[in-house]
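Notes follow the structure.
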Amino acid sequence: MAAGPIKQANAAPKKASFQPPAAAKGDVSAALSGSGDIVFSTPPRETLDAAMEIYQPVVDYLSQVLGKKVVFKHPGTWGVYRTEMVKGNYDIVFDGPHFNSYRMDKMQHNIIVKIPGDFVFVTIVKKGNDAIGNSRQLAGRTVCAHAPPNLGTLTLLSQFDNPSRQPVIISTDGWKNIYQGVVSGRCVAGVLPMGNLKKFDTEGMAKIIHKEKTLPNQAFSAGPRLSAEDQAKVTRALTSPEANGPTEKLRKAYNTEKFVQASNQEYAGLAEYLKNEWGYY
1 MAAGPIKQAN
11 AAPKKASFQP
21 PAAAKGDVSA
31 ALSGSGDIVF
41 STPPRETLDA
51 AMEIYQPVVD
61 YLSQVLGKKV
71 VFKHPGTWGV
81 YRTEMVKGNY
91 DIVFDGPHFN
101 SYRMDKMQHN
111 IIVKIPGDFV
121 FVTIVKKGND
131 AIGNSRQLAG
141 RTVCAHAPPN
151 LGTLTLLSQF
161 DNPSRQPVII
171 STDGWKNIYQ
181 GVVSGRCVAG
191 VLPMGNLKKF
201 DTEGMAKIIH
211 KEKTLPNQAF
221 SAGPRLSAED
231 QAKVTRALTS
241 PEANGPTEKL
251 RKAYNTEKFV
261 QASNQEYAGL
271 AEYLKNEWGY
281 Y
């Protein structure tokens, strides 16, 4: 996994820079192949400006740690994110467990740092809805959920083998909006994390009809253009007290006090959730 000559830790670091997605239809992979920059990316959950606020301090910090130029590529759309990921154009990525597992299987990435704690998705209906007792009964019915490839939504869809008999996903942004969509009657059901359900459902308005297996949390992965030594540097840097400042906004966004070391084994097999998503397999 050689990534060229490794600079000394005390070498003068190059300042990170931000590179927005190119507007032209050029071959991005070809452009990156000749670049010595380390490319960091995340899913397009935030606007460009919001993403810069959260991730640019992390990118600057990693540039200092590695003594190499790290650039942030905001994909702009999920389609671009998928395309650039499967081409292997991202060197360091922070995203969900199914994507981490996919890069581990397909792109020789190692999963190095994660948000501590487990993640459990639940499918809910409005309390008193006795017609729906399990998720299989949601075929053809409306479900408030984030658009695929959101992991919560994929945990539900993975239970349906027949594409013609699946729930009707009502694309809904935000866990609270998903919860409110169910209790208001906008959707028959909804998918959200257990932790968020406990936070929102203080009056017991929802009923759980399916609880998914426990999953590991969001994580950072590092690809083969980073040497084993550089991957270890990134791991130590993101889990050290010195990371508190650079990762403050990121940790606040994900409601975590710290990051901890991760392993590939924890994420093995989770790429299966992407099997039926176009463009991954």
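The sequence shown finishes on residue 281 if you use the UniProt record's numbering, and the numbering steps up by one all the way, no holes.
Note that CB positions come from ideal geometry on N, CA and C, so glycine has one too.
- When DSSP assignments are scanned along the stretch 155-203, the uninterrupted stretches of beta strand (DSSP E) that are 3 or more residues long and fall wholly within it turn out to be 168-171 and 189-193.
- Setting aside the 5 residues that flank it on each side, residue 195 has no residue in the same chain whose C-beta is closer than 6 Å to its C-beta.
- Counted as a single uninterrupted DSSP element, the alpha helix (DSSP H) harbouring residue 54 occupies residues 48-66.
- Each of 212, 159 and 92 was checked against the Cα of residue 69, and the nearest Cα belongs to 92.
- Sixteen is the threshold: when 16 or more other Cβ atoms of the shown chains lie within 10 Å of the Cβ of residue 235, as they do, the residue is buried.
- In the same chain as residue 113, and ignoring 5 residues on each side of it, the C-beta atoms closer than 8 Å to its own belong to 219, 220, 234, 235, 238, 239, 259, 260, 261 and 262, in chain order.
- Nearest to residue 37 by alpha-carbon distance, out of 242, 134, 244 and 223, is 223.
- For the alpha helix (DSSP H) assignment, the uninterrupted runs of no fewer than 4 residues enclosed by the stretch 212-260 are, from N- to C-terminal side, 228-239 and 248-253.
- The shortest C-alpha to C-alpha distance from residue 183 to any of 266, 156, 82 and 124 is the one to 124.
- By the neighbour-count criterion, in which a residue is buried when 16 or more other Cβ atoms sit within 10 angstroms of its Cβ, residue 73 is buried.
- By alpha-carbon distance to residue 85, the top candidate from 103, 147 and 132 is 103.
- For residue 41, the enclosing beta strand (DSSP E) stretches over residues 38-41.
- Of the residues 117, 157, 145 and 200, the one whose Cα lies closest to the Cα of residue 186 is 145.
- Residue 231 sits buried, since 16 or more C-beta atoms from the chains shown fall within 10 Å of its C-beta.
- For residue 105, the enclosing alpha helix (DSSP H) starts and ends at 97-106.
- For residue 122, the uninterrupted beta strand (DSSP E) run begins and ends at 121-126, by DSSP.
- Residue pairing of residue 153 in beta bridges, as defined by DSSP: absent, with no partner found.
- Residue 143 sits close to residue 189, with the two beta carbons spaced by under 7 Å.
- Secondary structure at residue 142: strand, using DSSP grouped into helix, strand and coil.
- For residue 110, the secondary structure class from DSSP, reduced to helix, strand or coil, is strand.
- With 16 or more other Cβ atoms from the protein chains shown falling within 10 Å of its own Cβ, residue 271 counts as buried.
- Look at the beta carbons and you see the stretch 239-254 not touching the stretch 146-165: under three pairs across the two are nearer than 8 Å.
- The continuous alpha helix (DSSP H) containing residue 82 extends over residues 78-86.
- Look at residue 271 here: in three-state DSSP terms it is helix.
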